[in-house]
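Asker: The structure under discussion is supplied below as structure tokens; questions concerning it will follow.
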Amino acid sequence: MPSVASVKKDLEALGTTGQEEILNYLEEVIVLGSFATEVTNEVKENRFSKGKVCPHCGHEEVSRNGKFNGKQRYICKSCRKTFTDFTRSPRYNSKKDIKKWILYSKCMINGYSIRECAEIVGISVPTSFYWRHKFLDAIRVYMCIGNVGGVIEVDEAFFRESFQGNHKKSTTFIIPREPHKRGVKGSRSSKDEKRKRGISKEQVCVLCAIDRVGIIMTELICKGRMKHTDLERLFTGRIEDESILCTDSHKSYIRFAQNSGVELQQIKRGKHKEGIYHIQHINAFHSKLKEWMYSFHSVATKYLANYMYWFKWLQFFNTEKDTEKTKHLLVQSHTSHSDTKLKDFKIREAIYI
Ligand SMILES: [Zn+2]
Numbered sequence: 012m013p014s015v016a017s018v019k020k021d022l023e024a025l026g027t028t029g030q031e032e033i034l035n036y037l038e039e040v041i042v043l044g045s046f047a048t049e050v051t052n053e054v055k056e057n058r059f060s061k062g063k064v065c066p067h068c069g070h071e072e073v074s075r076n077g078k079f080n081g082k083q084r085y086i087c088k089s090c091r092k093t094f095t096d097f098t099r100s101p102r103y104n105s106k107k108d109i110k111k112w113i114l115y116s117k118c119m120i121n122g123y124s125i126r127e128c129a130e131i132v133g134i135s136v137p138t139s140f141y142w143r144h145k146f147l148d149a150i151r152v153y154m155c156i157g158n159v160g161g162v163i164e165v166d167e168a169f170f171r172e173s174f175q176g177n178h179k180k181s182t183t184f185i186i187p188r189e190p191h192k193r194g195v196k197g198s199r200s201s202k203d204e205k206r207k208r209g210i211s212k213e214q215v216c217v218l219c220a221i222d223r224v225g226i227i228m229t230e231l232i233c234k235g236r237m238k239h240t241d242l243e244r245l246f247t248g249r250i251e252d253e254s255i256l257c258t259d260s261h262k263s264y265i266r267f268a269q270n271s272g273v274e275l276q277q278i279k280r281g282k283h284k285e286g287i288y289h290i291q292h293i294n295a296f297h298s299k300l301k302e303w304m305y306s307f308h309s310v311a312t313k314y315l316a317n318y319m320y321w322f323k324w325l326q327f328f329n330t331e332k333d334t335e336k337t338k339h340l341l342v343q344s345h346t347s348h349s350d351t352k353l354k355d356f357k358i359r360e361a362i363y364i
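Structure representation (structure tokens):
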């Protein structure tokens, strides 16, 4: 067996790239290895903080119902269905080792593509795709739309509508228009391009809002130009009293502000500030979002909401260490109840508010 001293010597000789590889390896072995029990316990704690609740019907009277495959089972006294600590969570019914799930969570923190995740974790590409959306469906449920208040910066981001994945194996799906080729000029729509081209019905409008305590909203609100009714649908009941909206000079905000009695501060084009009000946070958020989305190439619109929530999640935990984020993502995605089923992927539709 080699001595620690000799291993250290070898490591010194290895060079920076090799040392970083070893560091990653050690992190996986030591830190992530301890997560299996921690995650399981934290999920149990979060899910059942007020005692056991049936994940099927919400009833609170449940009793133990033996063990199956080493896992405790419970039975609901109301609906008579059985469940485990992980029923209706991404990992439920998975035959794969929890270590693979931990590694997958880490890959998601790094923003890896479906193929990269598959390679690193050692699962097939379809499984990788399935897991991604299991995680994201659950995170979407966990995070919710959110409530903003105080000084709120608001702006729209546009993504070209994409039907990717809808027609591959389908004999009945007809794409509503000619497909766009990837990488065609203009596919990376910046704000300036948006103005030049005008906003067509082929573009999906995502409304983003950030307040000064860091609460973020990212919701698909419509296709093409946004109307004040779209804003009402999103903000009614989700905006605190006495709030101030900071926006660009889009007219729909004026109508919305008048109807809802919210104070509005519009920053004129070419200007960065109106007194203490600005839209610099939301602008920075949008550039980061666009760049991040670009790395995935074209995302099908039916999955766009999931990607928006993924990004929102990453921004929210921005300042934490990667290992902490890995654990949070696992725990939170397993705390909420969600049922992602492979057979529903084909019939899935874009989630607009
Ligand atoms: Zn029940």
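Okay, so the sequence shown: first residue is 12 according to this note's numbering, each after it adds one.
Yeah, the Cβ is synthetic: ideal placement off N, Cα and C, and Gly gets one too.
Among Y320, Q276 and G281, which residue has its Cα nearest to the Cα of I287?
Answerer: In the sequence shown, residue 287 corresponds to position 276, counting from 1. Taking only the C-alpha atoms, the option nearest I287 is Q276.
Asker: Would you call the stretch 128-136 in contact with the stretch 165-175, where contact means no fewer than 3 C-beta pairs closer than 8 Å?
Answerer: No contact exists between the stretch 128-136 and the stretch 165-175.
Asker: Could you give the DSSP three-state label for G77: helix, strand or coil?
Answerer: Counting from 1 along the sequence shown, the entry for residue 77 is found at position 66. Three-state result, G77: strand.
Asker: At 3 residues or longer, what runs of the beta strand (DSSP E) sit wholly inside the stretch 227-308?
Answerer: List check, beta strand (DSSP E) in window: 227-234, 255-258 and 274-277.
Asker: Tell me, which residues are paired with C65 by DSSP?
Answerer: Reading the sequence shown from its first residue, position 54 is the one you call residue 65. For C65, which the question treats as bridged, DSSP gives no partner whatsoever.
Asker: Let me check you understand the geometry: is the CB of S89 closer than 7 Å to at least one non-hydrogen atom of ligand 1?
Answerer: Locating residue 89 in the sequence shown gives position 78, counting from the first residue. Yes, the Cβ of S89 comes within 7 Å of a heavy atom of ligand 1.
Asker: Just how far apart, CA to CA, sit S89 and E72?
Answerer: Working through the sequence shown from its first residue, we reach residue 89 at position 78. Working through the sequence shown from its first residue, we reach residue 72 at position 61. Between S89 and E72, the C-alpha separation is close to 7 Å.
Asker: Which residues does DSSP list as the beta-bridge partners of R171?
Answerer: The residue labelled residue 171 in the question sits at position 160 within the sequence shown. In DSSP, R171 forms a bridge with Q214.
Asker: For the stretch 338-357 against the stretch 99-107, are there 3 or more C-beta pairs whose distance is under 8 Å?
Answerer: At 8 Å Cβ cutoff, the stretches touch.
Asker: Distance check for S17 and R359, CA to CA, integer angstroms please.
Answerer: As a position in the sequence shown, residue 359 is number 348, starting the count at 1. As a position in the sequence shown, residue 17 is number 6, starting the count at 1. Answer to the nearest angstrom: the Cα atoms are 56 Å apart.
Asker: Exposed or buried, Y141, counting other C-beta atoms within 10 Å across all chains shown (16 or more means buried)?
Answerer: Residue 141 sits at position 130 when you count from the first residue of the sequence shown. Buried.
Asker: Measuring straight from C-alpha to C-alpha, what distance separates I33 and F327?
Answerer: Counting from one through the sequence shown, the residue named residue 33 turns up at place 22. Counting from one through the sequence shown, the residue named residue 327 turns up at place 316. Distance between the alpha carbons of I33 and F327: 29 Å.
Asker: So, using beta-carbon positions, are V215 and L315 closer together than 8 Å?
Answerer: The count along the sequence shown starts at 1 and reaches residue 215 at position 204. The count along the sequence shown starts at 1 and reaches residue 315 at position 304. It is a contact, given that the beta carbons lie within the stated cut-off.
Asker: Can you tell me which of K284, K61, E31 and T28 puts its alpha carbon nearest to the alpha carbon of S260?
Answerer: As a first step, residue 260 is located in the sequence shown; it is residue number 249 there, counting from the start. The candidate whose alpha carbon is nearest that of S260 is K284.
Asker: Do N317 and R75 have their CB atoms nearer than 8 Å?
Answerer: Here the question's residue 317 lines up with position 306 in the sequence shown. Here the question's residue 75 lines up with position 64 in the sequence shown. Contact flag unset, no.
Asker: For a test of your reading of the model: does the CB of K61 fall under 7 Å from any non-hydrogen atom of ligand 1? Yes or no.
Answerer: In the sequence shown, the residue the question calls residue 61 occupies position 50. Outside the cutoff, so no.
Asker: Flag C65 as yes when its Cβ comes closer than 7 Å to any non-hydrogen atom of ligand 1, and as no otherwise.
Answerer: Looking up residue 65 in the sequence shown gives position 54. For ligand 1, at least one heavy atom lies less than 7 Å from the Cβ of C65.
Asker: Give me, in chain order, the residues of the same chain whose beta-carbon lies closer than 7 Å to that of D241; leave out the 5 immediate sequence neighbours on both sides.
Answerer: Sequence index remark: in the sequence shown, residue 241 carries index 230 (1-based). These residues qualify, in order along the chain: I232 and C233.
Asker: Quick check: what's the CA-CA separation for R236 versus I290?
Answerer: In the sequence shown, residue 236 corresponds to position 225, counting from 1. In the sequence shown, residue 290 corresponds to position 279, counting from 1. Each residue's alpha carbon lies about 20 Å from the other.
Asker: Does DSSP classify L147 as helix, strand or coil?
Answerer: Here residue 147 is taken as the residue at index 136 of the sequence shown, counted from 1. Three-state result, L147: helix.
Asker: With a threshold of 7 Å (Cβ to nearest heavy atom), would H70 be considered close to ligand 1?
Answerer: In the sequence shown, counting from the first residue as 1, residue 70 sits at position 59. Yes - ligand 1 has a heavy atom lying nearer than 7 Å to the Cβ of H70.
Asker: Determine the DSSP secondary structure at I134, reduced to helix, strand or coil.
Answerer: Within the sequence shown, numbered from 1, the residue matching residue 134 stands at position 123. Here I134 sits in coil by DSSP.
Asker: Pull up the DSSP beta-bridge partners for S60, would you.
Answerer: By one-based count along the sequence shown, residue 60 stands at place 49. G62.
Asker: Give a single yes or no on whether K354 has its beta carbon closer than 7 Å to a heavy atom of ligand 1.
Answerer: The residue given as residue 354 occupies position 343 in the sequence shown. Outside the cutoff, so no.
Asker: Within the same chain, show all residues whose beta-carbon is closer than 8 Å to that of I156, passing over the 5 residues directly before and after it, in chain order.
Answerer: Working through the sequence shown from its first residue, we reach residue 156 at position 145. So the list reads M228, E230, L245, R249 and I364, once near-sequence residues are dropped.
Asker: Buried or exposed: where does K20 fall if 16 or more other Cβ atoms within 10 Å of its Cβ makes it buried?
Answerer: Along the sequence shown, one-based indexing puts residue 20 at 9. By the neighbour-count rule (16 or more Cβ atoms within 10 Å), K20 is not buried but exposed.
Asker: For K212, which residues of its own chain have a beta-carbon under 6 Å away from its beta-carbon, when the five flanking residues on both sides are left out?
Answerer: One-based indexing of the sequence shown puts residue 212 at position 201. For K212, where only same-chain residues beyond five positions count, the Cβ hits under 6 Å are K234 and G235.
Asker: Suppose contacts are defined by Cβ-Cβ distances below 8 Å. Is V159 in contact with I226 by that definition?
Answerer: As a first step, residue 159 is located in the sequence shown; it is residue number 148 there, counting from the start. As a first step, residue 226 is located in the sequence shown; it is residue number 215 there, counting from the start. Contact flag set, yes.
Asker: Considering only residues of the same chain and omitting the five flanking positions on each side of S135, which have a CB-CB separation below 7 Å?
Answerer: Within the sequence shown, numbered from 1, the residue matching residue 135 stands at position 124. Here the set comprises A129.
Asker: Would you identify the three-state DSSP class for C128, choosing helix, strand or coil?
Answerer: Walking along the sequence shown from the start, residue 128 turns up at place 117. Three-state DSSP puts C128 in a helix.
Asker: Taking 7 Å as the cut-off, is the beta-carbon of K92 closer than that to any non-hydrogen atom of ligand 1?
Answerer: To locate residue 92, count along the sequence shown from 1; it is residue 81. Yes; taking the cut-off as 7 Å, the Cβ of K92 has a heavy atom of ligand 1 nearer than that.
Asker: If S124 sits next to F307, beta carbons under 8 Å apart, how far is it from one beta carbon to the other, in whole angstroms?
Answerer: What you label residue 124 is simply residue 113 of the sequence shown in a count that begins at 1. What you label residue 307 is simply residue 296 of the sequence shown in a count that begins at 1. Contact holds; Cβ gap of about 7 Å.
Asker: Got a sec, what are the start and stop residues for the alpha helix (DSSP H) K336 sits in?
Answerer: Within the sequence shown, residue 336 is the residue found at index 325, counting from 1. D333 to T346 is the extent of the alpha helix (DSSP H) around K336.
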